[in-house]
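Just add 496 to wherever you are in the sequence shown, counting from 1, and you've got the working numbering.
The structure appears below as structure tokens.
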Amino acid sequence: MKRIVLVGSALLFLVAIMAVERPQAGGSSGGSRFADASALAVPGGALTVSVDPRLESAKGQIDLVVGMIDAPLAVAHGPNFKQRGGALNPGQQKAYLRQLGQKQDALMGQIRGLGGRELGRVGKAHNAVVISIDASRIKDIEALPGIKSIRPLINYELALSETVPYIGASAVHAEGFTGTGTRVAVLDTGIDYTHAFFGGAGTAAAYTDAYGTSTSDARNRTLDGLFPTAKVVGGFDFVGEVWPTPDPARCGFNPNGSPRACLVPDPDPIDCGPAAIGAPCGGGHGSHVADIIGGNDGGFHKGVAPGASLYWPVPGSWSRSRRATTPTGRTSRVHPVRRPRSSASRRPRFRARSSSPS
Ligand SMILES: [Ca+2]
Ligand SMILES: [Ca+2]
Numbered sequence: 497m498k499r500i501v502l503v504g505s506a507l508l509f510l511v512a513i514m515a516v517e518r519p520q521a522g523g524s525s526g527g528s529r530f531a532d533a534s535a536l537a538v539p540g541g542a543l544t545v546s547v548d549p550r551l552e553s554a555k556g557q558i559d560l561v562v563g564m565i566d567a568p569l570a571v572a573h574g575p576n577f578k579q580r581g582g583a584l585n586p587g588q589q590k591a592y593l594r595q596l597g598q599k600q601d602a603l604m605g606q607i608r609g610l611g612g613r614e615l616g617r618v619g620k621a622h623n624a625v626v627i628s629i630d631a632s633r634i635k636d637i638e639a640l641p642g643i644k645s646i647r648p649l650i651n652y653e654l655a656l657s658e659t660v661p662y663i664g665a666s667a668v669h670a671e672g673f674t675g676t677g678t679r680v681a682v683l684d685t686g687i688d689y690t691h692a693f694f695g696g697a698g699t700a701a702a703y704t705d706a707y708g709t710s711t712s713d714a715r716n717r718t719l720d721g722l723f724p725t726a727k728v729v730g731g732f733d734f735v736g737e738v739w740p741t742p743d744p745a746r747c748g749f750n751p752n753g754s755p756r757a758c759l760v761p762d763p764d765p766i767d768c769g770p771a772a773i774g775a776p777c778g779g780g781h782g783s784h785v786a787d788i789i790g791g792n793d794g795g796f797h798k799g800v801a802p803g804a805s806l807y808w809p810v811p812g813s814w815s816r817s818r819r820a821t822t823p824t825g826r827t828s829r830v831h832p833v834r835r836p837r838s839s840a841s842r843r844p845r846f847r848a849r850s851s852s853p854s
């Protein structure tokens, strides 16, 4: 019996040592140390829940981002982990996310009991669940354990007026370097050279004159006296409007009878962008990229090199970037080209919305 007690004591001592050696968030070791997400958690009830003041007068059904007290994976892994090495190896990272997910499951069970519905959840850069619920339940959510913050879900629109200064390009512009005299060739889906951000009229009528009203419209294959322009000084469409979508009318059929896709080049690189043009159109990615590079409406809206001239060879059709802009314009992948606030008559082409729980 005495021997059994001694062995048990030794085991307890070993467990105690392991507990002391648990890594903390921000640790710099590789992945060899034992990881336990619970060591990163702030005890429930120890924090005051931060409720966004914009919710004070909220009424009716509302979308909320409910932040949780456990650190997201990025925090648990440690700051600058690419340079310094993270605290968790890949397996531990997955286990940590599973642990966060289990707590989110438990929270959602409680929120559903309050009449809420889950819209989404995140755990890597931010630990939160996104829900839809009646605003009258915000106080009840605040009382739930493990809650850190409650914020409204807001649709943000990215804008060059923010991103260009953010990367330091505005400071370069202030020194007189705007890309003037530089020619940039971009390989993408095409460019809407009628857009106001590229010096065009910026009207639906101008776009229709250049593109037509469907992918089969002859105007998207001819220059129509509208191209090139002072800003978009050259370009060519090497693929046509629908490639790689099969186009039996122009391309015929494969030996097995299936419709073929083929390249149908034309001299007009006008982009197939607006949702007003039906399927299979739905792109606009090239115009979006062009705006980031050299968009310039002569006012507040400026790309990274607003003085640059653009060339637009089109080696890939809109279909290659279908995910960039859905027919409803709702996708988070696109950096939207915003309509100038000063001109309501200019259409909000290629605009996309991005929802963020931040
Ligand atoms: Ca045309
Ligand atoms: Ca074309």
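Note that beta-carbon positions come from the ideal geometry of N, C-alpha and C, so glycine has one too.
- Short note on arginine 746: C-beta not closer than 6 Å to any heavy atom of ligand 2.
- Taking a cut-off of 8 Å for Cβ pairs, the stretch 561 to 581 and the stretch 645 to 654 touch, as three or more such pairs fall below it.
- In this structure, ligand 2 has no non-hydrogen atom nearer than 6 Å to the beta-carbon of asparagine 623.
- In this structure, the C-beta of asparagine 716 approaches ligand 2 to less than 6 Å from one of its heavy atoms.
- In this chain, the beta strand (DSSP E) harbouring alanine 681 covers 679 to 681.
- Here the alpha carbon of glycine 597 sits roughly 8 Å from the alpha carbon of glycine 619.
- In the three-state DSSP reduction, alanine 624 falls in the strand class (E or B).
- Rounded to whole angstroms, the separation of the alpha carbons of valine 738 and threonine 659 is 32 Å.
- When the five nearest sequence neighbours on each side are left out, the beta carbons in the same chain lying within less than 6 Å of the beta carbon of glycine 730 are those of Pro724 and Tyr807, in order along the chain.
- At the C-beta level, cysteine 777 and threonine 711 come within 7 Å of one another.
- Shown here, asparagine 716 sits in a helix according to DSSP, grouped into three states.
- For glycine 609, the uninterrupted alpha helix (DSSP H) run begins and ends at 586 to 609, by DSSP.
- Annotation: serine 553 is outside any beta strand (DSSP E) and is labelled neither H nor E by DSSP.
- The beta carbons of histidine 573 and glycine 582 sit closer together than 7 Å.
- With distances taken between CA atoms, isoleucine 607 lies nearest to Lys635 out of Gly799, Lys635 and Asn623.
- Aspartate 767 carries a coil assignment under DSSP once its states are collapsed to helix, strand and coil.
- The beta-carbon separation of aspartate 743 and proline 763, rounded to 18 Å, does not stay under the 8 Å limit for a contact.
- Between serine 632 and the set Tyr703, Arg756 and Leu551, the nearest pair of CA atoms involves Leu551.
- Within the same chain, and ignoring the five residues on either side of methionine 604 in sequence, the residues whose Cβ sits closer than 7 Å to its Cβ are Glu614 and Val625.
- As the crow flies, the alpha-carbon of aspartate 713 is around 35 Å from that of threonine 676.
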